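Engineer: This is the structure I have questions about; it appears just below.
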Amino acid sequence: MSRGAQVTVAGAGALGLCTALALARAGCRVTVFDPSAPEANASGVAAGMLAPALETVLDGEGERDLGIRLAARDLWPALEAVAGVRLDRSGAVAVGADAWLEGVRSGLNGLGLPGAELGRLTLEALTPGLSTALTRGMMTREDWRLDPRQALGALRAACSEAGVGFRRGVVTERDDADWLVAATGAGRELAPELSVLTPIKGHILRFEGQAAGRVSLRGEGVYAVACAGGLAVGATMEPGVGDASVDPSHGPPLRAAGAALIPGLAGADYEIFAGVRAATPDGLPLVGASREPGVLLAAGARRNGWLLAPLAAQVIAACVAGRDPGPYAARLDPGRR
Ligand SMILES: Cc1cc2nc3c(=O)[nH]c(=O)nc-3n(C[C@H](O)[C@H](O)[C@H](O)COP(=O)(O)OP(=O)(O)OC[C@H]3O[C@@H](n4cnc5c(N)ncnc54)[C@H](O)[C@@H]3O)c2cc1C
Numbered sequence: 062m063s064r065g066a067q068v069t070v071a072g073a074g075a076l077g078l079c080t081a082l083a084l085a086r087a088g089c090r091v092t093v094f095d096p097s098a099p100e101a102n103a104s105g106v107a108a109g110m111l112a113p114a115l116e117t118v119l120d121g122e123g124e125r126d127l128g129i130r131l132a133a134r135d136l137w138p139a140l141e142a143v144a145g146v147r148l149d150r151s152g153a154v155a156v157g158a159d160a161w162l163e164g165v166r167s168g169l170n171g172l173g174l175p176g177a178e179l180g181r182l183t184l185e186a187l188t189p190g191l192s193t194a195l196t197r198g199m200m201t202r203e204d205w206r207l208d209p210r211q212a213l214g215a216l217r218a219a220c221s222e223a224g225v226g227f228r229r230g231v232v233t234e235r236d237d238a239d240w241l242v243a244a245t246g247a248g249r250e251l252a253p254e255l256s257v258l259t260p261i262k263g264h265i266l267r268f269e270g271q272a273a274g275r276v277s278l279r280g281e282g283v284y285a286v287a288c289a290g291g292l293a294v295g296a297t298m299e300p301g302v303g304d305a306s307v308d309p310s311h312g313p314p315l316r317a318a319g320a321a322l323i324p325g326l327a328g329a330d331y332e333i334f335a336g337v338r339a340a341t342p343d344g345l346p347l348v349g350a351s352r353e354p355g356v357l358l359a360a361g362a363r364r365n366g367w368l369l370a371p372l373a374a375q376v377i378a379a380c381v382a383g384r385d386p387g388p389y390a391a392r393l394d395p396g397r398r
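Just so you know, this note's numbering puts the end of the sequence shown at 398, numbered straight through with nothing missing.
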């Protein structure tokens, strides 16, 4: 039993903070290191959708791991209670051409999570400014949302309250800690298993003051979701690109894609942000023990790092405590083939 174990967490994104909080609440002495400013990572840039249903249908990640995504989502209400992360459970609506929408409908049915067909009047009520060309929608209440910046702030505050220390800096080795948790996003330095990670850069736009409904709007290759003070439209998928600098040339096409959903965006001002997702070959993160002694991994969550963070934290806390890490640990094991 490792109660009181000293743990270094490298990385203060969604996975690092959720893990640090779980470990501190289990009695570990935890220090989180990160060289970056608190929101300057993929977690701070993200849209914050907790979308087990539509991500499974739209991202082509397959239904095999739906159970993992649903289980991870269902851990969020506990974090809402413990850390004050605000969740919005209003759901998500897919809108688009008939053939595409039919694919969404049958995809949700195939998952055993049938959506509800919406007509124009209901769509209008749920989504301000929606294009009049969009007359039908498919709604799911399985998908929730959080505001990443609110969530990062709330998690940091809850960590501090639980005794977690924060340091600015890069971790290069475990040093004298009992455990090192590598929650380093797309970083590949701290364990051999991280070499499988590939970067997928993403740009996202924020439209300050733009009215937003509470439901997440999902279109073909684009989404529009509420964010603090406005609306976020995302996101590009740029496989193989690992630098997080903003390339402004992605703004106009992304805004045009958003304007196909909400025409009022066509001439609107926006701010553009970029982040780097880390992807594994099978789309699931690496969570659990590295073959490097004393090193645990929580990285590689691709498009679903916010969704999966509490589950990663639970598995890591169980590993440190020497407990059964639960039914999903084998599927997430960093050594899986
Ligand atoms: C545009 C965009 C939209 C997205 N939308 C969603 C969404 O709607 N829902 C969802 O679930 N996910 C979404 N994602 C994906 C999600 O953002 C990521 O999966 C998630 O943020 C990954 O969190 P993380 O903690 O693993 O990594 P990060 O947030 O990247 O954090 C890693 C941290 O580790 C630090 N670090 C790196 N190396 C070291 C080191 N050696 N020592 C110390 N610190 C180190 C970095 O500075 C960084 O702060 C989106 C991503 C992007 C880019």
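From the three backbone atoms N, C-alpha and C, an ideal C-beta is built for every residue, glycine too.
Remember, it's a predicted structure, so these values are computed and weren't measured experimentally.
#1: Whose C-beta lies closer than 6 angstroms to the C-beta of ALA317 among residues of the same chain, with five residues either side of it excluded?
#2: Can a CB atom of chain B be found closer than 8 angstroms to the CB of ALA305?
#3: Drop a sphere of 10 angstroms on the beta-carbon of TYR389, count the other beta-carbons inside from all chains shown, and report buried for 16 or more, exposed for fewer.
#4: Under 7 angstroms: does the beta carbon of ARG364 sit that close to some heavy atom of ligand 1?
#5: Rank MET199, THR196 and ALA155 by C-alpha distance to the C-alpha of ALA285 and give the top, closest one.
#6: Taking the straight line between their C-alpha atoms, what separation do you get for ASP149 and ALA273?
#7: Measuring from the CB of PRO113, is there a heavy atom of ligand 1 at a distance below 7 angstroms?
#8: Below 8 angstroms on the Cβ atoms is my guess for LEU213 versus PRO99; work out the distance and round it to an integer in Å.
#9: Would you tell me roughly how many angstroms separate the C-alpha atoms of ARG275 and ASP308, rounded to the nearest one?
#10: Using CA coordinates, which residue listed in LEU216, VAL348 and THR193 is at the minimum distance from GLY145?
#11: Could you check what DSSP says for VAL106 in three-state terms: helix, strand or coil?
#12: As a quick exercise: from LEU84, ALA101, GLY396 and ASP159, pick the residue whose alpha carbon is nearest that of VAL225.
#13: Thinking just about the alpha-carbon of each residue, which of ARG166, ARG125 and GLY109 is nearest to the one in ARG210?
#14: Which residues in the same chain as THR245 place their Cβ atom closer than 7 angstroms to its Cβ, once the five residues preceding and following it in sequence are excluded?
#15: When you compare only the Cα positions, how much space is there between LEU372 and ILE129?
#16: Does GLY295 come out as helix, strand or coil in the three-state DSSP assignment?
#17: Buried or exposed for VAL231, please, with buried defined as at least 16 other CB atoms from any protein chain shown within 10 angstroms of its CB.
#18: Hey, how far is the Cα of LEU278 from the Cα of CYS220?
#19: Going by CA-CA distance only, name the one from CYS380, ARG397, ASP385 and ASP394 that's closest to ALA66.
#20: Looking at ligand 1, does it come within less than 7 angstroms of THR265, judged from the CB to the closest heavy atom?
Structural biologist: To lay it out plainly:
#1: Here the set comprises nothing.
#2: This model lacks chain B altogether; it includes just one protein chain.
#3: It is buried - the Cβ of TYR389 has at least 16 other Cβ atoms within 10 Å.
#4: At least one heavy atom of ligand 1 lies less than 7 angstroms from the C-beta of ARG364.
#5: ALA285 has its Cα closest to that of ALA155, out of MET199, THR196 and ALA155.
#6: Cα to Cα, ASP149 sits roughly 13 angstroms from ALA273.
#7: Incorrect: PRO113 has no Cβ contact closer than 7 angstroms to ligand 1.
#8: Right, the Cβ-Cβ distance comes to about 6 angstroms (below 8 angstroms), so this counts as a contact.
#9: CA-CA distance, ARG275 to ASP308, rounds to 29 angstroms.
#10: Out of LEU216, VAL348 and THR193, LEU216 has the C-alpha closest to the C-alpha of GLY145.
#11: Note: VAL106 maps to helix in three-state DSSP.
#12: Nearest of LEU84, ALA101, GLY396 and ASP159 to VAL225, Cα basis: LEU84.
#13: Proximity to ARG210 across ARG166, ARG125 and GLY109 peaks at GLY109, based on C-alpha coordinates.
#14: Taken in chain order, the residues that qualify are ALA71, GLY72, LEU251 and ALA360.
#15: Our two residues, LEU372 and ILE129, have alpha carbons roughly 8 angstroms apart in a direct line.
#16: Secondary structure at GLY295: strand, using DSSP grouped into helix, strand and coil.
#17: Residue environment: VAL231 is assigned as exposed (fewer than 16 neighbouring CB atoms within 10 Å of its CB, all protein chains considered).
#18: Using only the alpha carbons, I get a separation of about 32 angstroms.
#19: The residue with the shortest Cα to Cα distance from ALA66 is CYS380.
#20: Thr is not the amino acid found at residue 265; the sequence shown has Ile there. Ligand 1 has a heavy atom closer than 7 angstroms to the beta-carbon of ILE265.
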